[in-house]
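So for the sequence shown, the numbering used here puts the first residue at 19; every next one is plus one.
Glycine included, every Cβ here is placed at the ideal spot set by N, Cα and C.
See below for the structure under consideration.
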Amino acid sequence: MRREEESLDPEDWEEFRQLARQMVDDMLAYQQTLRERPVWQPVPPVVARKFEAPLPLKGQKEDEVYREFRDRILPFPLGNLHPRFWGWVMGNGTPLAAMSEMLASVMNPNVVGFNQVAPLVEWQVINWCKEMFGYPKRASGILVTGGSAANLTGLAVARAAKAGYDVRTKGVGASPQRMVMYGSAEMHFSLPRAADFLGLGSESLRRIPVDAAYRIDLNELRKAIEADLKAGLKPICLIGVAGSTNTGSVDPLKDLADIASEYRLWFHVDAAFGAWAYLVKRLRPLLAGMERADSLAFDFHKWGYLPFEVGCVLVRNSRAHLRAFSRGSVGYLQHEVRGVAGGPTQGIAQYGMQGSRGFRALKVWMALKTYGVDKIARMVEQNVAQAAYLETLIRSSADLELVAPVALNVVCFRFRKRGLSEAQLRRINHEIVVRLQESGTAVLSGTDMGGSYAMRCSITNHRSQRGDFELLVAEVRRLGKEILASTRRAGG
Ligand SMILES: *Cc1c(COP(=O)(O)O)cnc(C)c1O
């Protein structure tokens with residue numbers, strides 16, 4: 019008997035349609051009722067063990083697998099959708115974006131280039147980004163997985179543009195002088211890692227000390243550049259931080275742009291989340307100079323409120339951008355005038371590291387069109403106002419103190435009591451952070467600030483309301499007193 023040929027489409031479309039509708043209904047209900055659930059809860063060991071089950075050789079029905087998702091996966095998220103999640107730097111995502119991802123996945127285009135509509139959507143998104151962040155029309159850009167990939171892309175262009183020889187072909191070993199770069203001690207770890215990937219070595223990215231407001235110290239920067247020049251090294255790139263991960267501090271970008279042009283350095287700005295403050299008129303002066311960057315890295319999946327993953331890099335000189343990545347001619351990727359292989363000569367993938375690329379542009383495109391830049395700017399401003407509100411709550415509580423100045427949307431603070439040592443303060447504040455998380459009340463993260471432990475509240479959350487911060491402060495104070503009392507009882 020001849021075996022029938024199979025596909026992976028549903029065996030019964032009607033039955034699958036019912037299930038798909040159920041999925042949509044469940045997911046909308048889930049997003050609508052976020053507030054009623056704890057911010058976070060640990061994965062129970064009995065659930066964790068389910069993920070040690072062996073490779074399924076025989077399949078099962080879609081609805082059984084979906085039920086398993088609903089019962090064992092959905093209830094144990096990281097928590098970043100919740101109105102009181104302020105740990106690390108995360109984004110919430112939106113119901114609209116979740117649907118956009120489904121639409122993109124249904125079309126499932128490979129956004130390499132070709133004569134199809136998806137690259138047009140991505141080019142339009144890139145053009146809108148240039149307009150949002152003060153970049154010239156002739157600049158180029160590409161959507162990437164996030165801030166780390168955007169930083170790596172920017173530094174790869176910097177290396178190719180400033181090496182002074184064909185570094186892509188010859189490699190860094192052929193450089194007559196060691197190439198060095200500069201950024202502040204508060205840089206995100208993805209930047210030294212990018213220097214490592216690019217063969218320059220993470221030590222070649224100099225970590226310049228910061229001032230009391232956690233901004234790069236310009237005198238120290240000049241000293242470091244001069245010392246490297248004197249030692250016969252080749253400075254190629256200066257990195258500015260617009261919104262540091264720890265405190266949200268913004269480097270003096272105008273000054274950095276001037277220093278970069280004085281020494282003919284590539285100027286890269288890591289504005290992973292900080293870029294969004296540029297949309298707010300009142301905040302723009304703080305970021306002045308960002309638009310002068312040769313390359314600008316930012317992401318949509320933190321303060322742009324979209325789901326993971328999507329970031330972007332813009333490059334002022336599109337030819338330098340293309341020269342850093344284009345692959346020359348490849349036999350199986352001939353460009354044609356007509357047919358599917360037609361379209362623009364430079365496929366979008368030639369501006370980045372990926373071969374096959376997903377349609378991450380669609381969720382950005384739909385969000386920008388639906389909310390408009392004005393609404394996104396209002397959300398960003400709302401978060402900055404909430405950070406300022408939290409600051410006033412902290413300042414008016416005798417048992418709380420700020421640990422760093424609040425520049426944008428990040429508040430570093432701690433519980434304190436007179437007479438407690440640094441070590442005791444560290445233990446108590448660390449315990450507050452963990453208990454807040456374990457009780458499902460709120461998620462903050464902790465960080466080290468000049469030898470002190472600080473609770474870090476990073477507000478990139480479109481669902482937070484003022485009342486959430488009042489609750490946070492009340493809980494932190496209550497927990498602080500409770501922990502203090504119990505350590506005193508224990509003689510600690
Ligand atoms: C998060 C972050 C990055 C890295 O971005 P990912 O999207 O996590 O790869 C880079 N720089 C800063 C300042 C960040 O906050």
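Item                                                                                                                                                                                                     : Value
Using only Cβ atoms and a threshold of 5 angstroms, which residues come within that distance of a heavy atom of ligand 1? Order them by chain position.                                                  : 107, 164, 165, 166, 206, 208, 263, 288, 290, 317
Taking only the alpha-carbon atoms, compute the straight-line gap between residue 404 and residue 214 and give it to the nearest angstrom.                                                               : 38 angstroms
Select from 334, 60, 49 the residue whose C-alpha is nearest the C-alpha of residue 116.                                                                                                                 : 49
Would you mind sorting residue 204 into buried or exposed? The rule is 16 or more other CB atoms within 10 Å of its CB.                                                                                  : buried
Find the nearest neighbour of residue 400 within the set 325, 252, 471, 479, judged by alpha-carbon distance.                                                                                            : 479
Can you tell me which of the three DSSP states residue 253 falls into?                                                                                                                                   : strand
By the DSSP assignment, the beta strand (DSSP E) with residue 419 in it spans what residues?                                                                                                             : 418–420
So within the stretch 324–374, which uninterrupted alpha helix (DSSP H) runs reach at least 4 residues, ignoring any that extend past its ends?                                                          : 336–343
Just mark residue 126 as buried or exposed, buried being the case when its beta carbon has 16 or more other beta carbons within 10 Å.                                                                    : exposed
Any contact of the stretch 425–445 with the stretch 461–474, i.e. 3+ C-beta pairs under 8 angstroms?                                                                                                     : yes
What did DSSP end up calling residue 37 once you bin it into helix, strand or coil?                                                                                                                      : helix
Hey, how far is the Cα of residue 468 from the Cα of residue 47?                                                                                                                                         : 44 angstroms
Go through its chain and collect everything with a Cβ distance to residue 444's Cβ below 7 angstroms, but skip five positions before and after it.                                                       : 471
For residue 98, count neighbouring C-beta atoms within 10 Å of its own C-beta (all shown protein chains included) and say buried if the count is 16 or more, exposed if not.                             : buried
Here's the rule: buried if 16 or more other CB atoms are within 10 angstroms of the residue's CB, otherwise exposed. What is residue 486?                                                                : buried
Considering only the beta carbon of each residue, do residue 378 and residue 328 sit closer than 8 angstroms?                                                                                            : yes
Does DSSP classify residue 111 as helix, strand or coil?                                                                                                                                                 : coil
Take residue 237 as the anchor and find which of 202, 70, 396, 440 has the nearest alpha-carbon.                                                                                                         : 202
How long is the line joining the alpha carbons of residue 156 and residue 144, rounded to whole angstroms?                                                                                               : 11 angstroms
If we ignore side chains and look at the alpha-carbon of each, how far apart do residue 461 and residue 30 end up?                                                                                       : 43 angstroms
Pull up the CB-CB distance for residue 308 and residue 289, whole angstroms please, since I reckon it's below 8 angstroms.                                                                               : 6 angstroms
Spatial neighbours of residue 260 within its chain, please: CB distance less than 6 angstroms, with the 5 preceding and 5 following residues excluded, ordered by chain position.                        : 268, 287, 289, 292, 305, 308
Does the beta-carbon of residue 504 have 16 or more other beta-carbons within 10 angstroms, so that it is buried, or is it exposed?                                                                      : exposed
Let me know the secondary structure DSSP gives residue 383 once reduced to three states.                                                                                                                 : helix
Short of 6 angstroms in beta carbon distance, which residues of its chain neighbour residue 320, apart from the five on each side in sequence? Order them along the chain.                               : 107, 109, 291, 478
Nearest by alpha-carbon distance to residue 28: which of 163, 37, 186 is it?                                                                                                                             : 37
Any idea what DSSP makes of residue 431, helix, strand or coil?                                                                                                                                          : strand
In terms of alpha-carbon separation, which member of 56, 324, 62 lies closest to residue 453?                                                                                                            : 56
Since residue 104 is in the alpha helix (DSSP H), which residue starts that stretch and which ends it?                                                                                                   : Note, residue 104: premise wrong, no alpha helix (DSSP H); not H, not E.
Alpha carbons only, please: which of 217, 231, 206, 64 is nearest the one belonging to residue 225?                                                                                                      : 206
Give a yes or no on whether the C-beta atoms belonging to residue 254 and residue 284 are separated by under 8 angstroms.                                                                                : yes
Kindly list the residues whose CB is nearer than 7 angstroms to the CB of residue 275, restricted to its own chain and excluding five residues on each side of it in sequence; keep chain order.         : 285, 307, 310
Identify, in the order they occur along the chain, each residue of the same chain with its Cβ nearer than 6 angstroms to the Cβ of residue 325, setting aside the five sequence neighbours on each side. : 111, 115
To the nearest angstrom, how far is the alpha carbon of residue 384 from that of residue 360?                                                                                                            : 26 angstroms
Check the DSSP bridge columns for residue 477 and list the partner residues they point to.                                                                                                               : Its beta-bridge partners do not exist; DSSP assigns none.
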